[in-house]
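Student:
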Amino acid sequence: MKNNINQIQVLGSGCPTCKKLFELTKKAVQELGIKTEVEYITDIQKIVEMGVMSSPVLAINGKPVMTESISDIEKIKKIINDCGDDSGVAEKKSGCSCGGNC
Numbered sequence: 001m002k003n004n005i006n007q008i009q010v011l012g013s014g015c016p017t018c019k020k021l022f023e024l025t026k027k028a029v030q031e032l033g034i035k036t037e038v039e040y041i042t043d044i045q046k047i048v049e050m051g052v053m054s055s056p057v058l059a060i061n062g063k064p065v066m067t068e069s070i071s072d073i074e075k076i077k078k079i080i081n082d083c084g085d086d087s088g089v090a091e092k093k094s095g096c097s098c099g100g101n102c
């Protein structure tokens, strides 16, 4: 993994599911040895500004890379690792009916 990750954010409403993703993401970042702080944002307007219609959202370097609830730390680590390479975005899913094309 090339570590070009400058910002990691979990955006959510403050519900238990969003908080769990935040805690798992912090643990994943620590286990991967990434020196970037994970930020938890509950501002719904910021979620909308990212162009997603559901939460929680995992954003890396200001781009949403995951818009679903995941409780598997290994999958979160894979997404972070994939974003740390030169490709930039690991996985984007949308909670709306467009299938991720909005």
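No gaps in the numbering here: position 16 of the sequence shown is 16 in UniProt numbering, and each next residue is one more.
Beta carbons: idealized from backbone N, C-alpha and C, even for Gly.
Starting from the N-terminal side, write out each stretch of the alpha helix (DSSP H) that is 4 residues or longer and does not extend beyond the region 3–46.
Tutor: 16–32
Student: Considering Cα atoms alone, identify which of Lys19, Ser13, Gln9 and Leu21 is closest to Glu37.
Tutor: Closest option to Glu37, Cα to Cα, is Gln9.
Student: Count the CB pairs spanning the region 28–44 and the region 61–72 that are closer than 8 Å, and state whether there are at least three.
Tutor: no
Student: Below 8 Å, how does it come out for the region 15–32 and the region 67–76: are there three or more Cβ pairs, yes or no?
Tutor: Yes, the region 15–32 touches the region 67–76.
Student: DSSP has Val57 in a bridge; who is on the other side?
Tutor: The secondary-structure analysis by DSSP pairs Val57 across a beta bridge with Leu11.
Student: Leaving out five residues before and five after Gln30 in sequence, what residues of the same chain have Cβ atoms less than 7 Å from its Cβ?
Tutor: none
Student: Give me, in chain order, the residues of the same chain whose beta-carbon lies closer than 7 Å to that of Ile70; leave out the 5 immediate sequence neighbours on both sides.
Tutor: Leu21 and Ile76
Student: How long is the line joining the alpha carbons of Asn4 and Met50, rounded to whole angstroms?
Tutor: 20 Å
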